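The opening residue of the sequence shown carries number 27 in this note's numbering; numbering runs sequentially from there. C-beta: ideal position from N, C-alpha, C; glycine also. Computed from a predicted model, the values in this text were never measured in an experiment.
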Amino acid sequence: MDKSFFLASASLTGAIIGAGVFAIPFVIAQAGVLTTLAYFLVLGLIALSLHFFLADIVIFTKSKHRLAGYAEKYLGKTGKIITTVATLLGSLGALLVYLILSGKFLSLLLPISALQATFVSWALFSLFLFFGVKLVSILNFWAEALLFLVVLVIFSFALPEVSLANFVLTDKAFLFLPFGVLLFSLVGWSAIPEAAEMLKDKKQLKKAVLISFLISICFYIAFGLVISGVSGKLTTEEAFSGLALFLGKKIIFLAALFGLFNILDSFLIVALYLKNTLKLDWKVPALLSFLIVSLTPLALFLSGVNSFIGVIAVVGVLTGLVEGIIICLIYQKTLFKTFSKRKASFVKALLIFIPLILFLGFLAEVSKYIF
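Okay, structure coming up:
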């Protein structure tokens, strides 16, 4: 296998598999196996299509950009502003998700409450963020290297404890629970431009996207089924604390340690990207950029926005809806005219179907907080 293809695929896989993985066992336990798998099928096809669309846009465009740059090139300044605002809000939401999750994991490692653990996590994250890029590159390497190894260890202990009696096929009370969570978990298109730059042959980009996407979905489903199959309705939002009664504290300690390490890596990648965006693109002073990125998630948490599943679902539907529509609009403007009549009809249907489903999912998620 071409080394550049392997690196691109690994980068895309790492971008897709993130904090969302820890929410999937809870979703399966509450909404049911069949419901969650149905969502994986529909949202998986939608998310894969959007990844393919952006990959085609990257291949088609000679100049190098990120999503906001493509939006400006093909949709004008308004497109860039909308995309940038969506990215900023989505990034801040992701940082809040990481902060909530890190507090839950750290409270499993230390004899302190989840609230105290959240403050400790925030202080550590802020300290690491202040020191910047070198630490991130080191953490990123080790986080990726240890990810599947630690999960295999957990699986080896958890698999014998899986019981079919713990699985619920479907539960109408939680019918709409998976939408935002799974959409958040399946979005990794921000890494596509970087993956394209890694490849010797850009024509392999869509193949790399497909492989990384299939790996991610298989990993998500396996992880979700095994964990929920052990703890059933006792499965907790962050997956691990509910396993203590079944697997023992040592395995949970290992799982929480890995989870915290992985979340720290993800937090710093997103936080640095956001800080640099504010500093370089919006000309915000370095110290103020740091304070905005560091303090905003904590302020949101202290204001009562502290439900892991709730936040991840809202961030998922908002990011998926806005960025998904932007990708569809760019695709329609760039590549649609190059298709044959038959292919154009199919793509046109997709370009209508995808935003419609994303919008309906957004309405379903928002309705939870209005009615």
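Item	Value
Considering only their Cβ atoms, is the gap separating G387 from V343 smaller than 8 Å?	yes
Between the region 148-156 and the region 316-325, do at least 3 Cβ pairs fall closer than 8 Å?	yes
With a CB to CB cut of under 6 Å and the five nearest residues on each side skipped, what residues in its chain are close to N192?	G255, G258
Does the region 363-371 come close enough to the region 226-236 that 3 or more CB-CB pairs lie under 8 Å?	no
Check whether the region 301-315 touches the region 130-147, counting contact only when three or more Cβ pairs, one atom from each stretch, lie closer than 8 Å.	no
Would you call T364 buried or exposed, if buried means 16 or more other Cβ atoms sit within 10 Å of its Cβ?	exposed
Can you list the alpha helix (DSSP H) stretches of 4 or more residues lying completely in the region 205-265, in chain order?	218-224, 231-257
Is the CB-CB distance between A97 and I356 below 8 Å?	yes
Can we say the region 42-54 touches the region 178-185, given the rule of at least three CB pairs closer than 8 Å?	no
Kindly indicate which three-state DSSP category F193 falls into: helix, strand or coil?	coil
Report all residues from its chain with a CB closer than 7 Å to the CB of V373; omit the five preceding and five following residues, and keep chain order.	F362, F365
So does A112 have its beta carbon nearer than 7 Å to some heavy atom of the ligand MN?	Here there are no bound small molecules, and the ligand MN is not part of this structure.
Give the range of the alpha helix (DSSP H) segment to which W148 is assigned.	140-157
Between which residues of its own chain and G206 is the CB-CB distance below 6 Å, once the five residues before and five after are set aside?	A339, G342, V343, E391
Assuming contact is defined by CB atoms lying nearer than 8 Å, are L203 and V59 in contact in what I supplied?	no
Would you mind working out which of K226, K394, F287 sits nearest K29, comparing C-alpha positions?	K226
Can you list, in chain order, the residues of its chain with a C-beta nearer than 6 Å to that of A281? Leave out the 5 residues immediately preceding and following it.	I180, F266
Between Q56 and F200, which are expected to be in contact by the criterion C-beta below 8 Å, what is the C-beta distance as a whole number of angstroms?	4 Å
Hey, S128 and L269: beta-carbon distance below 8 Å or not?	no
Excluding the five sequence neighbours on either side, which residues of its own chain have a C-beta within less than 6 Å of the C-beta of L304, listed in chain order?	V310, S315
How is the alpha helix (DSSP H) around S30 delimited, first residue to last?	29-42
Looking at the structure shown, is F365 part of a helix, part of a strand, or coil, going by DSSP?	coil
Can you give me the Cβ contacts of P245 inside the same chain, cut-off strictly under 7 Å, excluding the 5 residues immediately before and after it?	Looking at the sequence itself, residue 245 is Phe, so the reference to Pro does not match. Cβ within range, chain order: I43.
Are the Cβ atoms of V319 and L155 separated by less than 8 Å?	yes
Under 8 Å by Cβ, that's how I've got Q358 and L377 pegged, so tell me the actual separation to the nearest angstrom.	6 Å
How long is the line joining the alpha carbons of L69 and I383, rounded to whole angstroms?	9 Å
In this structure, does DSSP put N332 in helix, strand or coil?	coil
How is H91 classed by DSSP in three states: helix, strand or coil?	coil
Check for me: the alpha helix (DSSP H) holding T113 runs from which residue to which?	103-135
Going by alpha carbons, who is nearest to V111 out of V348, I380, G40, A73?	V348
To the nearest angstrom, report how far apart Y65 and L283 are at their CA atoms.	30 Å
Which runs of the alpha helix (DSSP H) at least 4 residues long sit entirely within the region 284-321? Give them in chain order.	none
Alpha carbon to alpha carbon, how far is T39 from V213?	11 Å
Quick check on DSSP: helix, strand or coil for G268?	helix
Taking 8 Å as the threshold (C-beta atoms), are L132 and V146 in contact?	yes
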